[in-house]
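Worksheet for the structure shown next.
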Amino acid sequence: MIVTTVDTARVFGALDLDDVDSVIDINCGAPELTIALHHRYGCRIILIGVAPAGRLGRIDAEKLSDYQSRLHAAGIDESSVSVITKWRNLESCDVLLSIDSFGARYNIKALAAIMDRVLHSQSRLVLEVRKGSGTYPFLASYGGCNTLTKPTKDTNGIVVMSVEPKTQPAGEWSEIATKLAGKDGFFTDCGEHSFLYIPRGDTLVVTFDNLDIAMTKRDDRRPWGFSFIESEGWSMLGVMANGWTWFRDDAVVAEFDRLRDSGFFDQFKRVVFYGASMGGYGAAAYSAAAKGSTVFVISPQSTLDKEIVPWEMRYKKVWSRDFSGPYGDASISSQSAANVHLMYDPYVAADAAHAARFTGDNVTHWRCPLLGHRLGSSLQQMGILQEIARKSILGELDRLTFYKLLRKRHDFSRYQRELANLALDRGRPELARRVCRYVLAQRNDRFFRKMLTRIANDHS
1 MIVTTVDTAR
11 VFGALDLDDV
21 DSVIDINCGA
31 PELTIALHHR
41 YGCRIILIGV
51 APAGRLGRID
61 AEKLSDYQSR
71 LHAAGIDESS
81 VSVITKWRNL
91 ESCDVLLSID
101 SFGARYNIKA
111 LAAIMDRVLH
121 SQSRLVLEVR
131 KGSGTYPFLA
141 SYGGCNTLTK
151 PTKDTNGIVV
161 MSVEPKTQPA
171 GEWSEIATKL
181 AGKDGFFTDC
191 GEHSFLYIPR
201 GDTLVVTFDN
211 LDIAMTKRDD
221 RRPWGFSFIE
231 SEGWSMLGVM
241 ANGWTWFRDD
251 AVVAEFDRLR
261 DSGFFDQFKR
271 VVFYGASMGG
281 YGAAAYSAAA
291 KGSTVFVISP
301 QSTLDKEIVP
311 WEMRYKKVWS
321 RDFSGPYGDA
331 SISSQSAANV
341 HLMYDPYVAA
351 DAAHAARFTG
361 DNVTHWRCPL
371 LGHRLGSSLQ
381 QMGILQEIAR
391 KSILGELDRL
401 TFYKLLRKRH
411 DFSRYQRELA
421 NLALDRGRPE
431 LARRVCRYVL
441 AQRNDRFFRK
451 MLTRIANDHS
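And the structure:
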């Protein structure tokens, strides 16, 4: 069996991660990819040895020594590398690598205990797959697979699996939501989805969120945008999905139809649909239930109908959902909105392609270069998301104001890192050097210090 070469550029695209804090390489199988990940993200490198039966153990001494020498030659210092041999020291990681190991050389099922230990809801697994190994059925319970190279009888394939969140117990959320709704609001449980209405002012903001994120990633266990909307005194209708559903459910369609037909939306002076990524799709798609509304979406998908967007490979698991009907294609259904504010990173190819499908006269495209797919989080960290959202909702956002606010990205570490990486990718080491020097004049940053050294060594 011929081992497939790992195409680093394609792997990076399939990872769809804005940040990587740590990578675990099983049995030292992917030194080139590990080095590339460290150079791009400055991530910690964790090396583990795993026996064919799945037991954590030691790495072959000669193999480990050779691997560490390669890391050193690539300018990676020892402080960035850990070798873990004990179970109690094994922590979660953002990227797990299994090249020439489980999935190809060994049975993937034996890796279950390790995977359960280190994978979190945003993790990625990059692995080499042997045809007929049973890897795909096994991974289905963890998440969706993006096959970069198909395995054949002669060559192994390369797969990137994105972990999907587990469904959450509905009872706990039901109790929280019922209390939030109070006597004047309502909570409607639709099974896979739910609707929470909290009445306040004459502006209604309809948000779309994932229950796993709300219940496990936020301390207050509240829907997307809850505190911001509450502070503005606006009413809120929070639509929650228990899983990566893209809100494609007959029950959701029926509930929006019911709310529309009952005149629910008509009681408000202003109706806003607000969401990001999957929630951005939901917001744009279901805005058709309240014609004349305002849509504010971040990195939305337009549809995941593979016949319409065959280039969208990030969310294959949802291909089985039905994206037909009046709320199916968000780029079409959102045309009945008064205004659509769409924010995206033009350097994220799939996001840019989705954004390009929104062609209505009511659409304003807001480009946010090098802030990634999860640019909402970046804008939040920069302290400007709420101001941008507020001005969009109130109809006060203009290009001068927006790009003045966006200048804050120049001092935002993620933007600086991506700008330097882009300069290197495009063969402009001098620009990357200038970015490094600019950052280092402001602060002592190991990532940029090491990049500057690497540039000097590679382009002396």
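Reminder that position 24 of the sequence shown reads as 24 in full-length UniProt numbering, one-by-one numbering, no gaps. Glycine included, C-beta positions come from ideal geometry on N, C-alpha and C.
Legend entry - A276, enclosing beta strand (DSSP E) - first and last residue: 270-276 is the span of the beta strand (DSSP E), which, as asked, contains A276.
Legend entry - Of the listed residues A177, R200, F264, nearest to R222 (C-alpha basis): Ranked by Cα distance from R222, the first of A177, R200, F264 is A177.
Inset, instruction - Take every Cβ of the stretch 248-259, pair it with every Cβ of the stretch 280-295, and state whether three or more of those distances are shorter than 8 Å. - result: A contact exists between the stretch 248-259 and the stretch 280-295.
Inset, instruction - Please state if the CB of G279 and the CB of W224 are separated by a distance shorter than 8 Å. - result: Yes, the pair counts as a contact, with Cβ atoms nearer than the cut-off.
Legend entry - Nearest residue (CA-CA) to L397, options M343, R426, R374: Of the listed residues, the one whose Cα sits closest to L397 is M343.
Legend entry - N421, enclosing alpha helix (DSSP H) - first and last residue: Counting along the chain, the alpha helix (DSSP H) containing N421 begins and ends at 413-425.
Inset, instruction - Compare the Cα-Cα distances from E32 to each of V6, G13, G49, I26 and report the closest residue. - result: Measuring from the Cα of E32, the nearest candidate turns out to be V6.
Inset, instruction - Measuring alpha carbon to alpha carbon, tell me which of V363, I114, D345 ends up nearest L379. - result: It is D345 whose Cα lies nearest to the Cα of L379.
Inset, instruction - Please confirm if the stretch 196-210 is in contact with the stretch 143-160, defined as three or more CB-CB distances below 8 Å between the two stretches. - result: Counting Cβ pairs under 8 Å, fewer than three are found: no touch.
Legend entry - C-beta atoms of T34 and L97 nearer than 8 Å: Contact flag set, yes.
Inset, instruction - Report the partner residues of T294 according to the DSSP bridge assignment. - result: Per DSSP, V272, N339.
Inset, instruction - State the CB to CB distance for the pair V11 and I46, rounded to an integer number of angstroms; the pair is presumed to be in contact (CB under 8 Å). - result: Between V11 and I46 a beta carbon distance of about 18 Å is seen, past the 8 Å cut, so the two are scored as non-contacting.
Legend entry - Cβ distance (whole Å) where I455 is taken to contact A441 below 8 Å: Rounded, the Cβ-Cβ distance is 16 Å, inconsistent with contact.
Legend entry - DSSP bridge partner residues for N146 (one or two, in chain order): Paired residue(s): V160.
Inset, instruction - Please state if the CB of F412 and the CB of G42 are separated by a distance shorter than 8 Å. - result: Their beta carbons are not under 8 Å apart, which means G42 does not touch F412 by this criterion.
Legend entry - Proximity of V126 and V160 at Cβ, strictly below 8 Å: Yes, they are a contact pair.
Inset, instruction - Using beta-carbon positions only, say whether L375 and L422 come within less than 8 Å of one another. - result: Not a contact, by the Cβ cut-off of 8 Å.
Legend entry - Residue burial classification, Q267 (beta-carbon count within 10 angstroms, cutoff 16): By the 10 Å Cβ count, Q267 comes out exposed.
Legend entry - Paired residues, beta bridge with G49 - DSSP: Per DSSP, G57.
Inset, instruction - Look at the Cβ atom of G29, then the Cβ atom of S101, and state whether they are nearer than 8 Å. - result: Cβ atoms of G29 and S101: closer than 8 Å.
Inset, instruction - Use the C-beta contact count for Y403: other C-beta atoms within 10 angstroms, 16 or more gives buried, fewer gives exposed. - result: Y403 should be labelled exposed.
Inset, instruction - Confirm, please, whether the CB-CB distance from A330 to S299 is below 8 Å. - result: No.
Legend entry - For W319, the nearest candidate out of G360, W246, N362 (CA to CA): In this structure, W246 is the residue among G360, W246, N362 with its C-alpha nearest to the C-alpha of W319.
Inset, instruction - Answer yes or no: do R58 and T85 have a C-beta to C-beta separation smaller than 8 Å? - result: Closer than 8 Å, so yes.
Legend entry - Nearest residue (CA-CA) to E175, options F187, V118, D202, K183: Looking at the Cα atoms, F187 is the closest of the given residues.
Inset, instruction - Could you name each continuous alpha helix (DSSP H) segment of 4 residues or more that falls completely within the stretch 177-243, going from the start of the chain to the end? - result: Correct list: 211-216, 226-231.
Inset, instruction - Below 6 Å CB to CB, which residues in the same chain sit around F358 once its five sequence neighbours on both sides are set aside? - result: Cβ within range, chain order: S331, L342.
Inset, instruction - Under 8 Å by Cβ, that's how I've got V272 and F296 pegged, so tell me the actual separation to the nearest angstrom. - result: With a Cβ gap of about 6 Å, V272 and F296 count as contacting.
Legend entry - Cut-off 8 Å between Cβ atoms - residues of its own chain near T8, not counting five sequence neighbours on either side: Correct list, in chain order: E32, L33, A36.
Inset, instruction - Identify whether S92 lies in helix, strand or coil by the three-state DSSP scheme. - result: Residue state, collapsed to three classes: coil.
Inset, instruction - With DSSP as the reference, label I26 as helix, strand or coil. - result: Strand at I26.
Legend entry - Integer-rounded CB distance, given that T135 should sit under 8 Å from G103: In this structure G103 is in contact with T135, their Cβ atoms being roughly 5 Å apart against a cut-off of 8 Å.
Legend entry - Range of the contiguous alpha helix (DSSP H) that encloses S121: Where S121 is concerned, there is no enclosing alpha helix (DSSP H), although the beta strand (DSSP E) it sits in stretches over 119-129.
Inset, instruction - Identify every residue that forms a DSSP beta bridge with S101. - result: Paired residue(s): none; S101 is not in a bridge.
Inset, instruction - Using alpha carbons as the reference points, say which of T294, L304, H459, K450 lies closest to residue 512. - result: Past the edges of the chain, shown from 1 to 460, lies residue 512, and the structure says nothing about it.
Inset, instruction - For A140, count neighbouring C-beta atoms within 10 Å of its own C-beta (all shown protein chains included) and say buried if the count is 16 or more, exposed if not. - result: By the neighbour-count rule (16 or more Cβ atoms within 10 Å), A140 is not buried but exposed.
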